[in-house]
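Participant:
Residue numbers (mature numbering (1 follows the signal peptide of the UniProt record, and there is no 0)): -25 to -1, 1 to 258.
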């Protein structure tokens, strides 16, 4: 036997070969894929970079994207290091804003997720439709004009016995004018608030006083009102989820801001237009 060299017997060698080979860990978010002057780039960095790409780029082959993203991150890291750790003030502010936004969004996502369990959705459905009633639907027509004076004249003519559809064809500026002002059937939430509020007060065949919306002045006739049957749960699942999420987020935001210690110092001679001055953060 030579000094310093150990020979294994055939049995020992066989036993050694039968030992389990340590498993290689699967790549994960913290797996390092490049190091630039000691600064690591990980798969996690690459995943998030890919997620922010425009949709057309995300359709590229995986290997093409992988190499392109890694090259970009390497170049960006080298460029960033040229600042030698000095971060411009406007970038510090941008990073603070981005961090604030992302963390706030994470809280909102958690609130929304917890508010829409299957039990919550079913409870909301039962509360809304337990009587089998899907709510009211309305069939209405309107005449849309530009001024209140024109609307008052329309109302007077209708009160004097003018035919609503004929008058709508003659005077309405809305797209429904040629069809006599008919809007068809619609439920609550489908019309702007002022219009809906006026419709809710009308009985079938009744004509409203002139009301104003963002589109102009309306005179409305309610042609018919009817009850609808409750929709199937799956048909309104998304609607219920959105409602529960909005309510939960609003409640959580109010809770946190009410309990927070918030100060708003008075700033003398503050012109709101100062927000347009980017030079203030770049100097």
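For every residue, glycine included, the Cβ atom is placed at its ideal position computed from N, Cα and C. Note that the structure is predicted; figures quoted are calculated from it, not measured.
#1: Could you tell me if residue 2 is buried or exposed, where buried requires 16 or more neighbouring beta carbons within 10 angstroms of its beta carbon?
#2: Applying the 10 Å Cβ sphere with the 16-neighbour rule, what's the burial state of residue 91?
#3: My output table needs one value for residue 114: the three-state DSSP class, helix, strand or coil.
#4: Please work out which residues of its chain come closer than 7 Å, Cβ to Cβ, to residue 216, disregarding the five sequence neighbours upstream and downstream, and give them in chain order.
#5: The ligand SAH heavy atoms versus the CB of residue 189: any closer than 7 Å?
#6: Comparing C-alpha positions only, which one of 49, 201 and 224 sits nearest to residue 112?
#7: Counting C-beta neighbours from all protein chains within 10 Å, is the total for residue 15 16 or more, i.e. buried, or is it exposed?
#8: Determine, using beta carbons only, whether residue 190 and residue 142 come nearer to each other than 8 Å.
#9: Only counting the same chain, and skipping five residues up and downstream in sequence, which positions put a Cβ closer than 8 Å to that of residue 87?
#10: Can you tell me which of 182, 77, 194 and 104 puts its alpha carbon nearest to the alpha carbon of residue 23?
#11: Give me whichever residues DSSP pairs with residue 203 in a beta bridge.
#12: To the nearest angstrom, report how far apart residue 133 and residue 126 are at their CA atoms.
#13: Please report how far the alpha carbon of residue 12 lies from the alpha carbon of residue 45, in whole angstroms.
#14: Measuring straight from C-alpha to C-alpha, what distance separates residue 68 and residue 192?
#15: Whole angstroms are fine: how far does the CA of residue 241 sit from the CA of residue 252?
#16: Could you give the C-beta distance for residue 9 and residue 49, rounded to a whole number, given that I count them as a contact under 8 Å?
#17: Going along the chain, which unbroken runs of the alpha helix (DSSP H) with 4 or more residues stay wholly within the stretch 44 to 102?
#18: What is the DSSP secondary structure of residue 161, reduced to helix, strand or coil?
#19: Name the two residues that bound the continuous beta strand (DSSP E) containing residue 187.
#20: So that I know if they touch, is there some Cβ in chain C lying closer than 8 Å to that of residue 178?
#21: Does the separation of the CB atoms of residue 114 and residue 199 fall below 8 Å?
Facilitator: A quick look at the data gives this:
#1: On the chain shown, position 27 is the one that residue 2 refers to. Exposed, since its Cβ has fewer than 16 Cβ neighbours within 10 Å.
#2: By one-based count along the chain shown, residue 91 stands at place 116. When all chains shown are included, residue 91 counts as buried.
#3: Against the chain shown, residue 114 aligns to sequence position 139. DSSP places residue 114 in strand when its eight states are reduced to three.
#4: What you label residue 216 is simply residue 241 of the chain shown in a count that begins at 1. The answer, listed in chain order, is 91 and 96.
#5: For the ligand SAH, the structure offers nothing, since it holds no ligand at all.
#6: Numbered from 1 along the chain shown, position 137 holds the residue referred to as residue 112. Nearest Cα to residue 112 within the set 49, 201 and 224: 201.
#7: Here residue 15 refers to the residue found at position 40 of the chain shown. Note on residue 15: under 16 other CB atoms within 10 angstroms of its CB, so exposed under the neighbour-count rule.
#8: In the chain shown, the residue the question calls residue 190 occupies position 215. In the chain shown, the residue the question calls residue 142 occupies position 167. No.
#9: If you number the chain shown from 1, residue 87 lands on position 112. Counting only Cβ-Cβ distances below 8 Å, and skipping sequence neighbours, we find 220, 223 and 224.
#10: Within the chain shown, the letter at position 48 stands for residue 23. Comparing alpha-carbon positions, the option among 182, 77, 194 and 104 lying closest to residue 23 turns out to be 77.
#11: Here residue 203 corresponds to residue number 228 of the chain shown, with the count starting at 1. Per DSSP, 110.
#12: Taking the chain shown and counting its residues from 1, the one referred to as residue 133 is at position 158. Taking the chain shown and counting its residues from 1, the one referred to as residue 126 is at position 151. About 11 Å.
#13: Along the chain shown, read from residue 1 onward, the residue named residue 12 stands at position 37. Along the chain shown, read from residue 1 onward, the residue named residue 45 stands at position 70. Looking at the backbone, the Cα of residue 12 and that of residue 45 are separated by about 15 Å.
#14: Taking the first residue of the chain shown as position 1, residue 68 is located at position 93. Taking the first residue of the chain shown as position 1, residue 192 is located at position 217. If you draw a straight line from the Cα of residue 68 to the Cα of residue 192, it comes to about 47 Å.
#15: Reading the chain shown from its first residue, position 277 is the one you call residue 252. Reading the chain shown from its first residue, position 266 is the one you call residue 241. Their backbone Cα atoms lie some 20 Å apart in a straight line.
#16: As a position in the chain shown, residue 9 is number 34, starting the count at 1. As a position in the chain shown, residue 49 is number 74, starting the count at 1. The Cβ separation is near 6 Å, so the contact holds.
#17: Those alpha helix (DSSP H) runs which fall completely within the stretch 44 to 102 and span 4+ residues are 64 to 90.
#18: For the purposes of this step, residue 161 is taken as the residue at position 186 of the chain shown. If DSSP states are grouped into helix, strand and coil, residue 161 belongs with the strands.
#19: As a first step, residue 187 is located in the chain shown; it is residue number 212 there, counting from the start. Residues 186 to 188.
#20: In summary, chain C is missing from the structure at hand, where a single protein chain is found.
#21: As a working note, residue 114 is residue 139 in the chain shown. As a working note, residue 199 is residue 224 in the chain shown. Yes; because the gap between Cβ atoms is below 8 Å, this pair is in contact.
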